[in-house]
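The next block holds one structure in the form of structure tokens; read it before the comments.
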Amino acid sequence: MSHLITIFSKFYDKSGQRIINLNVKSRYQGSSRENQQKTDEKGFFIFQASSNRTIEILAKPPNAKEYTVLKMMNSSVSSSASYPVKVYLPKTIEEYRQENIKILQSKTVKNLFKVVDRHGKVMSNFPIQSRPKGKNSFERCTNQEGLAEIESSPNRDIEILVLTSGDTFVLKKSVNSGSGSEQPILIQLDESCDNFKSLSTITLLDRNDNKYNVAKTNVEILALESKEKNLISVSNGKLAVRGYIGKWLKITVYKPDGTPLKSVNYLPKRIKESSVKLHLDVDVTIGSTAKNEPNINKPITESITCMTCGKSLKLDIDFIKNIAPKAKAEFQAALLKLPNFMKKYGVNSCRDLVNILAQGKIETENFTKLRESLNYTKKTFKKPENIYRISPTAINLGFERRGMGGYTRQQKLNYIWNHLADNDAAYGFHLYGNDKYPNRDYRGRGLLHLTHFIGYEDCAKGTGLDIVNNPNLLENNYGVAIETGIWFWKNKKNGKIVSLTAGESIKIDSDSITTSITHLVNGGEMKLNERKIAKKEIARKFIFKYGTCK
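Take 8 as the starting number for the sequence shown in the working numbering and just add one per residue.
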């Protein structure tokens with residue numbers, strides 16, 4: 008009986024994102040017997056095989072009709088959980104999800120092009136653009152042999168543009184695709200390859216998109232082709248890197264104790280690039296490491312155990328970016344700590360998490376605004392009655408609080424038009440001010456837009472946060488914005504919201520309790536349909552990432 012070897016493989020999509028719950032198989036080459044599984048919550052596919060056998064690893068991405076062989080290897084290869092065999096899909100997972108499987112309605116043809124410099128030297132990994140004549144361009148790079156394959160309709164006029172040392176693309180070749188060609192069509196540049204020197208400004212980030220601002224960071228830059236090596240030291244997390252277009256660089260960042268982080272390869276594609284982001288395989292909490300503590304600290308995040316399904320849940324940055332793509336990187340990182348605050352205030356279910364994120368998405372306009380805008384303009388609203396109708400009760404209470412309760416309706420309308428329209432600060436103080444704290448207003452702020460003085464006051468007592476004296480904390484401090492939202496969720500009307508989520512028994516991606524929750528969060532039904540859509544959308548992404556809640 009042959010000795011069995013355990014093989015650790017890990018699946019990634021084209022962008023480098025690990026893939027969970029993916030249909031995968033392994034088999035010996037030429038065998039019909041297959042080991043079918045799904046990747047686990049970390050993207051691993053772990054299986055056993057006899058030693059020194061050729062094995063195939065297959066996968067069936069979303070919307071694919073059948074399995075595809077992605078890797079062939081000898082079973083005796085060394086692997087472990089720390090150093091798995093990496094298997095990459097040719098597309099991003101989002102591209103697979105959005106892709107409709109269609110049979111091509113018309114035949115396409117392929118033409119091969121070869122790019123060389125003015126002296127005939129092959130231009131490897133060189134940026135070019137192709138387009139149907141008069142249409143938009145599509146950018147790609149040549150391969151190591153300077154070749155690029157262009158697919159198009161038969162007998163189509165196509166144009167090839169090439170990069171110049173002036174950092175612009177110029178038209179270099181116009182051809183008819185005909186019936187395709189197997190022989191490369193030569194494209195010769197007007198310049199020497201030596202003209203394509205590059206200068207890239209690279210911002211170092213950790214794996215969670217936090218800036219890697221570590222004092223006196225030593226960086227080694229190795230040109231893989233020429234073997235030329237440079238050592239530089241930076242303190243602001245930014246590198247000025249010189250190289251050549253299409254020539255790979257190997258960048259190694261060293262921690263303060265001299266230990267190297269995992270090297271990252273970088274390919275310059277422009278003469279000057281100023282917005283390059285390079286992700287390092289490390290987590291950082293703050294911009295520098297403490298003295299005598301050279302290790303980079305990992306952000307402190309916690310998981311919650313769902314009281315309904317028992318799932319241990321810990322958010323990761325890929326999920327946050329998927330549901331909050333427009334949020335600033337700092338806000339995305341702060342949202343990773345949502346479970347910390349849920350645990351602190353006893354909010355402990357998958358359903359609470361999904362509903363909090365759905366309501367927060369609408370309250371903050373896709374996680375971009377932690378402060379309610381009260382700038383109601385005359386141009387938009389046309390007449391004071393239209394502004395008055397938005398919040399008549401709150402406006403009338405403002406008149407009472409400010410000693411103008413005896414105003415007639417017309418006097419109130421005149422005051423609104425002359426003093427509150429086009430005046431965000433005045434409107435905020437009128438509706439949400441408090442005489443004990445002048446020049447402050449207690450408008451909607453934070454993840455769930457905590458509103459009214461009494462709301463701020465109760466939350467301050469419950470959390471210990473100084474938000475009565477400094478209400479702007481909810482819009483300037485992401486941690487405060489999130490914590491106050493969770494406190495509100497737990498305590499609104501003596502726990503009414505968590506009672507709703509605990510009592511929901513149908514599928515987590517339904518909107519059965521969204522209307523009731525919206526009444527408690529918003530005080531009405533503003534953007535109710537958008538909230539229902541957000542709930543279902545986030546729930547679907549949650550289920551795909553972490554599985555459903557029973």
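Glycine included, C-beta positions come from ideal geometry on N, C-alpha and C.
Practice problem: Quick one: give me the first and last residue of the beta strand (DSSP E) that N225 is part of. | Solution: Counting from one through the sequence shown, the residue named residue 225 turns up at place 218. That run of the beta strand (DSSP E) goes T224 to A230.
Exercise. Measure the beta-carbon distance from K67 to N42 and round it to whole angstroms, keeping in mind my assumption that it falls under 8 Å.
Key: For the purposes of this step, residue 67 is identified with residue 60 of the sequence shown, where counting begins at 1. For the purposes of this step, residue 42 is identified with residue 35 of the sequence shown, where counting begins at 1. Actually they are not in contact, since the Cβ atoms of K67 and N42 sit about 14 Å apart, beyond 8 Å.
Quiz prompt | Supposed close pair V475, Y444 - CB separation, criterion 8 Å | solution = Start at 1 with the first residue of the sequence shown, and residue 475 comes out as number 468. Start at 1 with the first residue of the sequence shown, and residue 444 comes out as number 437. About 7 Å; that satisfies the 8 Å criterion.
Exercise. Determine the burial state of F120: buried for a count of at least 16 other Cβ atoms within 10 Å of its Cβ, exposed for fewer.
Key: Against the sequence shown, residue 120 aligns to sequence position 113. Counting Cβ neighbours within 10 Å, F120 comes out buried, since at least 16 surround it.
Exercise. Grab the span of the beta strand (DSSP E) containing D164 for me, first residue to last.
Key: The residue labelled residue 164 in the question sits at position 157 within the sequence shown. Looking at the DSSP string, the run of the beta strand (DSSP E) that includes D164 is D164 to L170.
Quiz item: Buried or exposed: I461, going by 16 or more other Cβ atoms within 10 Å of its Cβ?
Solution: Stepping through the sequence shown from its first residue, residue 461 is reached at position 454. Exposed, by the Cβ-count rule.
Quiz item: In the DSSP assignment, what are the bridge partners of M80?
Solution: Translated into positions along the sequence shown, residue 80 becomes position 73. The partner list for M80 (beta bridge, DSSP) reads I62.
Exercise. Alpha carbon to alpha carbon, how far is Y553 from A467? Give it in angstroms, no decimals.
Key: Here the question's residue 467 lines up with position 460 in the sequence shown. Here the question's residue 553 lines up with position 546 in the sequence shown. Going from the Cα of A467 to the Cα of Y553 covers about 34 Å.
Self-check item: Inter-stretch contact (C-beta, 8 Å, three-pair minimum) for the stretch 438–456 and the stretch 361–370
Solution: yes
Self-check item: Integer Cβ distance of I135 from T149, believed to fall under 8 Å
Solution: Taking the first residue of the sequence shown as position 1, residue 135 is located at position 128. Taking the first residue of the sequence shown as position 1, residue 149 is located at position 142. I135 to T149, Cβ: 7 Å. Contact.
Quiz item: Cα separation between N355 and F348?
Solution: Counting from 1 along the sequence shown, the entry for residue 355 is found at position 348. Counting from 1 along the sequence shown, the entry for residue 348 is found at position 341. Whole-angstrom Cα-Cα distance: 10 Å.
Self-check item: Close beta carbons around I293, own chain, < 6 Å, minus the five adjacent residues each side
Solution: Counted from its first residue, the sequence shown places residue 293 at position 286. Annotation note: pLDDT 41 at I293 (below 50); position unreliable, no value reported.
Exercise. Could you round the C-beta distance between L438 and I402 to whole angstroms and report it? I think they count as a contact, below 8 Å.
Key: To locate residue 438, count along the sequence shown from 1; it is residue 431. To locate residue 402, count along the sequence shown from 1; it is residue 395. Yes, L438 and I402 are in contact; Cβ-Cβ is about 7 Å, under 8 Å.
Quiz prompt | For G435, the three-state DSSP class (helix, strand or coil) | solution = Residue mapping note: residue 435 aligns to position 428 of the sequence shown, counting from 1. The answer is helix: DSSP assigns G435 an H, G or I state.
Quiz prompt | Top-ranked residue by Cα proximity to I258, from G265, E280, N243 and L231 | solution = Residue 258 sits at position 251 when you count from the first residue of the sequence shown. Ranking the options by Cα distance to I258, first place goes to L231.
Quiz prompt | Neighbourhood of K543 by C-beta, 8 Å cutoff - its chain only, sequence neighbours within 5 removed | solution = Within the sequence shown, residue 543 is the residue found at index 536, counting from 1. D516, S517 and D518.
Exercise. Would you give the residue range spanned by the beta strand (DSSP E) that L342 belongs to?
Key: To locate residue 342, count along the sequence shown from 1; it is residue 335. It is not in any beta strand (DSSP E) - L342 instead sits in the alpha helix (DSSP H) that spans A336 to L342.
Self-check item: Separation of E63 from K262, as counted between CA atoms
Solution: The residue labelled residue 262 in the question sits at position 255 within the sequence shown. The residue labelled residue 63 in the question sits at position 56 within the sequence shown. Their Cα atoms are separated by approximately 38 Å.
Quiz item: What span of residues does the alpha helix (DSSP H) with N403 cover, start to end?
Solution: Numbered from its first residue, the sequence shown carries residue 403 at position 396. Run containing N403: P399 to R408, per the alpha helix (DSSP H) assignment.
Quiz item: Ordered along the chain, which non-local residues of its own chain (more than five positions away) have a Cβ less than 8 Å from that of T315?
Solution: The residue labelled residue 315 in the question sits at position 308 within the sequence shown. Result list for T315: S356, C357, R358, A509, C556 and K557, in chain order.
Quiz item: When burial is assigned at 16 or more other CB atoms within 10 Å of the CB, is K497 buried or exposed?
Solution: Taking the first residue of the sequence shown as 1, we reach residue 497 at position 490. K497 comes out buried.
Quiz item: Considering only C-alpha positions, which residue in the set I545, R104 and D20 is nearest to K328?
Solution: By one-based count along the sequence shown, residue 328 stands at place 321. Of the candidates I545, R104 and D20, the one whose C-alpha sits nearest the C-alpha of K328 is I545.
Quiz item: How is the beta strand (DSSP E) around E156 delimited, first residue to last?
Solution: Along the sequence shown, read from residue 1 onward, the residue named residue 156 stands at position 149. Where E156 is concerned, the enclosing beta strand (DSSP E) stretches over L154 to S159.
Practice problem: In the DSSP assignment, find the alpha helix (DSSP H) that holds S523 and state where it starts and stops. | Solution: Residue mapping note: residue 523 aligns to position 516 of the sequence shown, counting from 1. Taken as a continuous stretch (DSSP letters only), the alpha helix (DSSP H) holding S523 covers T521 to N529.
Quiz item: Alpha carbon to alpha carbon, how far is F15 from S22?
Solution: Locating residue 15 in the sequence shown gives position 8, counting from the first residue. Locating residue 22 in the sequence shown gives position 15, counting from the first residue. Those two C-alpha atoms are separated by around 21 Å.
Exercise. Using only alpha-carbon positions, find the residue among Q418, D216, K245 and D290 that is nearest to Q339.
Key: Locating residue 339 in the sequence shown gives position 332, where the first residue counts as 1. The shortest C-alpha separation from Q339 is found at D216.
Quiz item: Would you say E392 touches the ligand GTP, meaning its beta carbon is less than 7 Å from a heavy atom?
Solution: In the structure on display, the ligand GTP does not appear, and there are no ligands present to speak of.
Quiz item: Over what stretch of residues does the beta strand (DSSP E) that includes F176 continue unbroken?
Solution: In the sequence shown, counting from the first residue as 1, residue 176 sits at position 169. Counting along the chain, the beta strand (DSSP E) containing F176 begins and ends at F176 to N183.
Practice problem: State the DSSP-derived secondary structure class of I110, mapped to helix, strand or coil. | Solution: Along the sequence shown, read from residue 1 onward, the residue named residue 110 stands at position 103. At I110, the pLDDT of 36 sits below 50, so the modelled position is not reliable; the number obtained from the coordinates is stated separately. Correct three-state label for I110: coil.
Quiz item: Would you call the stretch 90–103 and the stretch 167–184 touching, i.e. three or more CB-CB distances under 8 Å?
Solution: no
Quiz prompt | Beta-carbon proximity check, L342 vs A331, cutoff 8 Å | solution = Taking the sequence shown and counting its residues from 1, one reaches residue 342 at position 335. Taking the sequence shown and counting its residues from 1, one reaches residue 331 at position 324. Their beta carbons are under 8 Å apart, which means L342 touches A331 by this criterion.
Quiz item: Which class does H2 belong to by DSSP, given the choice of helix, strand or coil?
Solution: Since the displayed the chain opens at 8 and closes at 557, residue 2 lies outside it and no answer follows.
Quiz item: What's the call for M130, buried or exposed, on a 16-neighbour Cβ count within 10 Å?
Solution: Residue numbering aside, residue 130 sits at position 123 when the sequence shown is read from its first letter. Buried, since its Cβ has 16 or more Cβ neighbours within 10 Å.
Quiz item: In three-state DSSP terms, what is P346?
Solution: Numbered from 1 along the sequence shown, position 339 holds the residue referred to as residue 346. DSSP places P346 in helix when its eight states are reduced to three.
Quiz item: In or out: L432 buried (at least 16 other Cβ within 10 Å) or exposed?
Solution: Counting from one through the sequence shown, the residue named residue 432 turns up at place 425. Contrary to the premise, residue 432 reads as Ala rather than Leu in this sequence. Classification for A432: exposed.
Quiz item: Residue range of the alpha helix (DSSP H) that Q43 falls in?
Solution: Stepping through the sequence shown from its first residue, residue 43 is reached at position 36. Segment N42 to K45 is the beta strand (DSSP E) holding Q43; no alpha helix (DSSP H) there.
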